[in-house]
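Undergrad:
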Amino acid sequence: MRAGLEAVAAVAGLKSFIPLQTRVGIATGLVVVGDLIGSGEAQERGIIGETPNLAARLQGVAEPNMVVLAESTRRLLGHLFELQDLGTREFKGIGGAVPVWAALRPSSAESRFDALHGGRLTALIGREEELELLLRRWSKAKTGEGQVVLLSGEAGIGKSRLTVALLESVASEPHTRLRYFCSPQHTDSAFHPINKQMERAASFAHDDTPRARLDKLDMLLARTSTSVEDVALLAEMLSLPSDGRFPALDLSPQQRRQRTLDALISQIEVLTRSSPVLMIFEDVHWIDPTSQEVLGRIVHRIATLRVLLMVTFRSEFEPPWIGHPHVTALTINRLGQREVDAMIDQVAGNNVLPANIRQDIIERTDGVPLFVEEMTTTVLEAANQAAAEHTVAAVPSPSPAVPASLHASLMARLDRLGPAKEVAQIGAAIGREFSHALLAAVVRNTETELEMALDRLIEAGLLFRQGLPPLATYLFKHALVQDVAYGTLLRASRQALHGRIANTLEKDFSEVIEVQPELLARHCAEAGLEEQAIRYWRAAGEKAVRRASNREAITHFRQALARNEKQSSEIDRSLAELAILSQLGPALMSVHGWSAPEVGVVFERAEHLARELESSIDLAPPLAGLWLFHTARGQFSRAEEITEELFHIAHTLQHADIQLQAHHCAWPICWFRGALSEAKAHADAGIALYDEVRHAKHRYLYLGHDPAVCALSIKSVLQWLLGHPIQGQQSERDAIDLARRLRHAPSLAHALWFVCQAQVARSDAAAVVNTASELLALSEEHGLPQTRATALAYLGWPWAKAPTSIAAYDFLRMAARCTIGSAYETIYA
1 MRAGLEAVAA VAGLKSFIPL QTRVGIATGL VVVGDLIGSG EAQERGIIGE TPNLAARLQG
61 VAEPNMVVLA ESTRRLLGHL FELQDLGTRE FKGIGGAVPV WAALRPSSAE SRFDALHGGR
121 LTALIGREEE LELLLRRWSK AKTGEGQVVL LSGEAGIGKS RLTVALLESV ASEPHTRLRY
181 FCSPQHTDSA FHPINKQMER AASFAHDDTP RARLDKLDML LARTSTSVED VALLAEMLSL
241 PSDGRFPALD LSPQQRRQRT LDALISQIEV LTRSSPVLMI FEDVHWIDPT SQEVLGRIVH
301 RIATLRVLLM VTFRSEFEPP WIGHPHVTAL TINRLGQREV DAMIDQVAGN NVLPANIRQD
361 IIERTDGVPL FVEEMTTTVL EAANQAAAEH TVAAVPSPSP AVPASLHASL MARLDRLGPA
421 KEVAQIGAAI GREFSHALLA AVVRNTETEL EMALDRLIEA GLLFRQGLPP LATYLFKHAL
481 VQDVAYGTLL RASRQALHGR IANTLEKDFS EVIEVQPELL ARHCAEAGLE EQAIRYWRAA
541 GEKAVRRASN REAITHFRQA LARNEKQSSE IDRSLAELAI LSQLGPALMS VHGWSAPEVG
601 VVFERAEHLA RELESSIDLA PPLAGLWLFH TARGQFSRAE EITEELFHIA HTLQHADIQL
661 QAHHCAWPIC WFRGALSEAK AHADAGIALY DEVRHAKHRY LYLGHDPAVC ALSIKSVLQW
721 LLGHPIQGQQ SERDAIDLAR RLRHAPSLAH ALWFVCQAQV ARSDAAAVVN TASELLALSE
781 EHGLPQTRAT ALAYLGWPWA KAPTSIAAYD FLRMAARCTI GSAYETIYA
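1 is the number of the first residue of the sequence shown in UniProt numbering; add one for each residue after it.
And the structure:
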């Protein structure tokens with residue numbers, strides 16, 4: 001259908017002396033395919049049957065530049081396209097009146113459910129009050145009083161159905177609809193629901209080139225992006241390589257992350273200027289940490305915007321947004337017996353169910369709508385009453401383990417599907433949502449067999465499809481359906497299947513590996529391919545670190561550690577563990593702080609492994625991490641011991657890089673114990689060893705900032721204290737200039753921190769306010785809590801000399817609140 005519409009548009013756009021027009025007829029059904037006939041571009045296979053005859057007849061009645069289709073095709077399309085009813089026609093050779101439809105354009109359906117679920121939904125029963133509340137919140141949101149509704153309930157209780165009811169209720173009103181779906185397979189994939197929504201909105205196809213995707217993204221964002229930089233950041237978020245159309249973004253990972261979050265919020269703000277916005281985040285119990293941070297920002301920002309944000313989740317999720325005046329929590333309860341009875345009638349239609357079977361359904365489904373719908377459908381599919389009674393009896397009575405009460409019903413439905421059951425199992429192993437292209441590459445069926453199996457699953461209501469093969473994507477009706485299909489696989493079959501999926505992804509889907517290495521890691525892990533799983537978990541962690549998604553990085557590195565325990569070779573296991581821990585430690589510091597207990601545990605384990613392996617060169621990074629851990633806790637004696645060992649390793653190996661880091665640890669220690677000249681000597685020695693290019697990676701591997709910036713910064717204070725204020729001010733400028741040139745936010749924050757100290761020592765209040773203000777803005781932009789507390793403390797210092805010091809105390813209290821209960825509390829005490 002899409003090809004027909006695009007062909008009409010393409011021909012109409014051709015430049016010709018005579019206007020060209022196109023007519024297209026489409027019918028769907030079985031045909032007999034013959035031999036190739038013709039030659040060259042005119043070569044085609046001969047096809048025989050009623051279907052091609054009907055298509056030709058439809059083409060004959062089409063108006064110029066029109067696509068006309070048969071009823072058989074219309075049924076398959078669902079609501080994917082906007083259609084016009086042309087009535088019925090009589091055709092020669094075709095028995096009876098034939099309903100005829102004209103395709104106008106693709107529909108505006110945005111979600112995975114809208115296009116194919118709409119016509120198959122059971123009527124909304126027993127949720128009138130909940131829907132009325134949602135509509136009241138929508139009315140408030142339209143006036144500029146942004147609203148958030150937190151919709152919770154157990155699996156199968158009807159959260160998605162109520163969401164669809166709201167969408168149907170407001171469909172005739174002008175508004176912008178944004179839907180985001182979280183996934184159990186992507187709980188650690190940064191921005192996953194946001195990326196998928198943007199890909200759907202931009203109409204990305206599996207076989208699109210990166211350039212084509214950038215073109216589509218450009219068109220999508222043309223109306224809402226406030227700057228070219230925003231588009232570049234969102235393209236990068238989608239892992240699209242720049243083709244030179246955007247300016248180079250010379251930003252640190254933290255800065256990229258912050259600007260990307262800002263760009264996403266800006267998109268929503270711009271959308272609300274033209275119409276109210278209805279945002280829906282579904283299944284947030286599976287949300288990744290970065291998307292949850294975005295969602296949290298949206299919750300706070302929309303209070304004064306024309307936005308209704310609806311967030312759905314299972315009962316076990318604890319939303320952190322309750323308590324705000326514009327946030328409403330709504331819990332969906334189970335249906336009563338009267339509502340269940342009405343739902344059975346809806347599903348059964350004109351079919352009459354015996355009273356004993358109806359009562360059994362009511363008792364065993366325990367008021368959960370999905371269970372009612374599925375068990376009733378299963379009973380209707382039974383061959384006779386005895387089979388129906390057997391089906392119902394196989395389902396256990398209500399129990400706390402709700403999913404178990406649906407298992408037998410779904411199992412029975414899958415068993416009746418024959419070969420389609422295997423396709424359902426493979427799809428379930430891939431995930432809740434999967435593409436036709438990947439499924440076709442994994443299954444061993446022919447394309448015809450595959451499409452027949454998929455059609456059976458769709459007809460059974462277990463699977464939804466969006467788009468047409470080979471560009472289609474599929475979604476299990478509910479996560480519980482996927483769970484049951486996956487659970488029918490034996491352990492050995494399951495492992496082999498994940499191996500086939502992993503092999504297919506590696507061989508044919510490189511773009512998936514680039515964007516989501518954690519997806520391949522998960523399949524490798526399930527297949528028992530430990531080395532590959534470790535490699536891809538580490539790749540996922542490294543990708544997350546580059547995007548400053550450190551919480552996701554921690555999860556990926558811990559997954560790599562878990563798989564590493566299964567390696568048989570002890571030496572390989574220890575080497576891999578040491579490498580992973582060296583990556584995990586800095587990520588933990590970024591999230592939990594320098595002195596967090598888990599930071600110490602990781603670096604101590606890395607230290608132990610390096611000593612066990614007798615690898616002095618690998619011992620240096622964990623020792624440096626432990627130095628910062630103990631220094632932040634005020635344990636200077638242990639920090640001094642580590643510094644001495646680093647000097648010993650550097651001397652033994654004659655390793656200049658480790659010697660630089662030994663000096664890096666030494667100059668603060670000497671300063672802390674008042675050995676100012678000795679501290680300056682270490683700073684000078686470090687500066688002499690430093691090479692800007694060679695030591696670029698040190699700011700990530702050691703102590704989290706650039707060693708030369710640190711040396712120049714501390715030297716500026718030391719020179720003032722030693723009576724050389726002019727040289728000290730030059731060192732200040734050198735430190736700031738280097739940090740700005742490196743474009744590394746933590747290094748610049750480190751330099752500004754020490755400049756504040758020097759300015760306090762000079763009693764230059766105006767300069768302190770300027771520097772501390774810049775430090776505060778930088779720290780807030782990049783999420784640096786330790787230097788944010790420092791900035792607040794220094795902003796309070798000029799007020800300490802005032803007749804009343806209330807303002808000074810206010811700043812100090814704010815600084816203290818930044819650190820109390822955190823891993824920075826000791827160093828700021």
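A virtual CB, placed ideally from N, CA and C, is assigned to each residue, including glycine.
Buried or exposed for residue 606, please, with buried defined as at least 16 other CB atoms from any protein chain shown within 10 angstroms of its CB.
TA: Taking the first residue of the sequence shown as 1, we reach residue 606 at position 606. Residue 606 comes out buried.
Undergrad: Pick from 209, 213 and 194: whose alpha carbon is nearest that of residue 202?
TA: As a position in the sequence shown, residue 202 is number 202, starting the count at 1. For the residues 209, 213 and 194, the minimum Cα distance to residue 202 belongs to 213.
Undergrad: Return helix, strand or coil for residue 101, following the three-state DSSP convention.
TA: Taking the first residue of the sequence shown as 1, we reach residue 101 at position 101. If DSSP states are grouped into helix, strand and coil, residue 101 belongs with the strands.
Undergrad: With H, G and I counted as helix, E and B as strand and the rest as coil, what does DSSP make of residue 275?
TA: Translated into the one-based positions of the sequence shown, residue 275 becomes position 275. Three-state result, residue 275: coil.
Undergrad: Ordered along the chain, which non-local residues of its own chain (more than five positions away) have a Cβ less than 7 Å from that of residue 141?
TA: Position 141 of the sequence shown, counted from the start, is the residue given in the question as residue 141. Result list for residue 141: 147, 276, 306, 307 and 308, in chain order.
Undergrad: Let me confirm a value: residue 324 is counted as buried when at least 16 other C-beta atoms fall within 10 Å, else exposed. Which label applies?
TA: Taking the first residue of the sequence shown as position 1, residue 324 is located at position 324. By the neighbour-count rule (16 or more Cβ atoms within 10 Å), residue 324 is not buried but exposed.
Undergrad: Would you kindly report the start and end of the unbroken beta strand (DSSP E) that includes residue 60?
TA: The count along the sequence shown starts at 1 and reaches residue 60 at position 60. Element bounds for residue 60: not the beta strand (DSSP E) but the alpha helix (DSSP H), 50–61.
Undergrad: Which word fits residue 250, buried or exposed, when buried means at least 16 other C-beta atoms lie within 10 angstroms of its C-beta?
TA: Stepping through the sequence shown from its first residue, residue 250 is reached at position 250. When all chains shown are included, residue 250 counts as exposed.
Undergrad: Does the region 659–668 come close enough to the region 700–712 that 3 or more CB-CB pairs lie under 8 Å?
TA: Yes: at least three Cβ pairs fall under 8 Å.
Undergrad: Just verifying my parser: in three-state terms, what is the DSSP assignment at residue 11?
TA: Within the sequence shown, the letter at position 11 stands for residue 11. Reduced to three states, the DSSP call for residue 11 is helix.
Undergrad: Please identify the residue among 346, 131 and 744 whose C-alpha is closest to the C-alpha of residue 338.
TA: Position 338 of the sequence shown holds residue 338. The candidate whose alpha carbon is nearest that of residue 338 is 346.
Undergrad: Over what stretch of residues does the beta strand (DSSP E) that includes residue 23 continue unbroken?
TA: What you label residue 23 is simply residue 23 of the sequence shown in a count that begins at 1. Segment 23–26, the beta strand (DSSP E) holding residue 23.
Undergrad: I need the straight-line Cα distance from residue 573 to residue 445, nearest angstrom please.
TA: Sequence index remark: in the sequence shown, residue 573 carries index 573 (1-based). Sequence index remark: in the sequence shown, residue 445 carries index 445 (1-based). Looking at the two C-alpha atoms, the distance is approximately 40 Å.
Undergrad: Taking all protein chains shown into account, decide if residue 296 is buried (16 or more other Cβ within 10 angstroms of its Cβ) or exposed.
TA: Numbered from 1 along the sequence shown, position 296 holds the residue referred to as residue 296. So residue 296 counts as exposed.
Undergrad: Mind checking which residues open and close the alpha helix (DSSP H) that includes residue 82?
TA: Taking the first residue of the sequence shown as 1, we reach residue 82 at position 82. Run containing residue 82: none in the alpha helix (DSSP H); it sits in the beta strand (DSSP E), 81–89.
Undergrad: Identify whether residue 180 lies in helix, strand or coil by the three-state DSSP scheme.
TA: By 1-based counting over the sequence shown, the position of residue 180 is 180. Correct three-state label for residue 180: strand.
Undergrad: Across which residues does DSSP place residue 302 in a beta bridge pair?
TA: If you number the sequence shown from 1, residue 302 lands on position 302. According to DSSP, which records beta bridges pairwise, residue 302 is partnered with nothing at all.
Undergrad: Is residue 188 buried or exposed, if buried means 16 or more other CB atoms sit within 10 Å of its CB?
TA: On the sequence shown, position 188 is the one that residue 188 refers to. It counts as buried.
Undergrad: Say whether the region 235–243 touches the region 265–274, bearing in mind that this needs 3 or more beta-carbon pairs closer than 8 Å, one atom from each stretch.
TA: Touching, no.
Undergrad: Pull up the DSSP beta-bridge partners for residue 147, would you.
TA: Position 147 of the sequence shown, counting from 1, holds the residue named residue 147. According to DSSP, residue 147 bridges with 308.
Undergrad: Please report the residue range of the alpha helix (DSSP H) in which residue 211 lies.
TA: Translated into the one-based positions of the sequence shown, residue 211 becomes position 211. Residues 210–221.
Undergrad: CA-CA distance, residue 334 and residue 696?
TA: For this step, residue 334 is matched to residue 334 along the sequence shown. For this step, residue 696 is matched to residue 696 along the sequence shown. If you take the alpha carbons of residue 334 and residue 696, they lie about 59 Å apart.
Undergrad: According to the neighbour-count rule (16 or more other Cβ atoms, all chains shown, within 10 Å of its Cβ), is residue 625 buried or exposed?
TA: Taking the first residue of the sequence shown as position 1, residue 625 is located at position 625. Buried: at least 16 other Cβ atoms inside 10 Å.
Undergrad: Tell me which residues share the same chain as residue 727 and place their Cβ nearer than 8 Å to its Cβ, disregarding the 5 neighbours each side in the sequence.
TA: On the sequence shown, position 727 is the one that residue 727 refers to. Once the five neighbours on either side are set aside, the close Cβ partners of residue 727 are 719.
Undergrad: Going by C-alpha to C-alpha distance, which of 434, 244 and 132 sits closest to residue 168?
TA: Taking the sequence shown and counting its residues from 1, the one referred to as residue 168 is at position 168. It is 132 whose Cα lies nearest to the Cα of residue 168.
Undergrad: Thinking C-alpha only, which one of 104, 50 and 94 is nearest residue 74?
TA: As a position in the sequence shown, residue 74 is number 74, starting the count at 1. Of 104, 50 and 94, the residue nearest in Cα terms is 104.
Undergrad: With distances taken Cα to Cα, identify the nearest neighbour of residue 712 among 683, 740, 279 and 698.
TA: Counting from one through the sequence shown, the residue named residue 712 turns up at place 712. If we check each option's Cα against that of residue 712, 683 comes out closest.
Undergrad: Suppose the cutoff is 6 Å on Cβ atoms and the five residues either side in sequence are ignored; what does the same chain contact list for residue 19 look like?
TA: Locating residue 19 in the sequence shown gives position 19, counting from the first residue. If we look at residue 19 and ignore the five residues flanking it on each side, it has no Cβ neighbours.
Undergrad: Between residue 88 and residue 101, what straight-line distance do the alpha-carbon atoms span, to the nearest angstrom?
TA: Counted from its first residue, the sequence shown places residue 88 at position 88. Counted from its first residue, the sequence shown places residue 101 at position 101. Going by the C-alpha atoms only, they are around 9 Å apart.
Undergrad: Could you tell me whether the Cβ atoms of residue 471 and residue 436 are closer together than 9 Å?
TA: Along the sequence shown, read from residue 1 onward, the residue named residue 471 stands at position 471. Along the sequence shown, read from residue 1 onward, the residue named residue 436 stands at position 436. Going by C-beta atoms, residue 471 is nearer than 9 Å to residue 436.
Undergrad: For residue 260, which option in 294, 273 and 281 has the closest C-alpha, if you only look at C-alpha atoms?
TA: The residue you call residue 260 lines up with position 260 of the sequence shown. Checking every option, the nearest Cα to that of residue 260 belongs to 294.
Undergrad: Could you tell me which residues DSSP pairs with residue 434 in its beta bridges?
TA: Locating residue 434 in the sequence shown gives position 434, counting from the first residue. 474, per the DSSP bridge assignment.
Undergrad: Classify residue 731 as helix, strand or coil using the three-state DSSP reduction.
TA: Reading the sequence shown from its first residue, position 731 is the one you call residue 731. DSSP places residue 731 in helix when its eight states are reduced to three.
Undergrad: Out of 623, 545 and 622, which one is the CA nearest neighbour of residue 290?
TA: Here residue 290 corresponds to residue number 290 of the sequence shown, with the count starting at 1. With distances taken between Cα atoms, residue 290 lies closest to 545.
Undergrad: Indicate whether the contact test is met: 3 or more Cβ pairs, each with one atom in the region 163–182 and one in the region 366–380, closer than 8 Å.
TA: The region 163–182, when compared against the region 366–380, does not touch it at the 8 Å Cβ threshold.
Undergrad: Report all residues from its chain with a CB closer than 7 Å to the CB of residue 587; omit the five preceding and five following residues, and keep chain order.
TA: Looking up residue 587 in the sequence shown gives position 587. If we look at residue 587 and ignore the five residues flanking it on each side, its Cβ neighbours are 545, 550, 553, 554 and 557.
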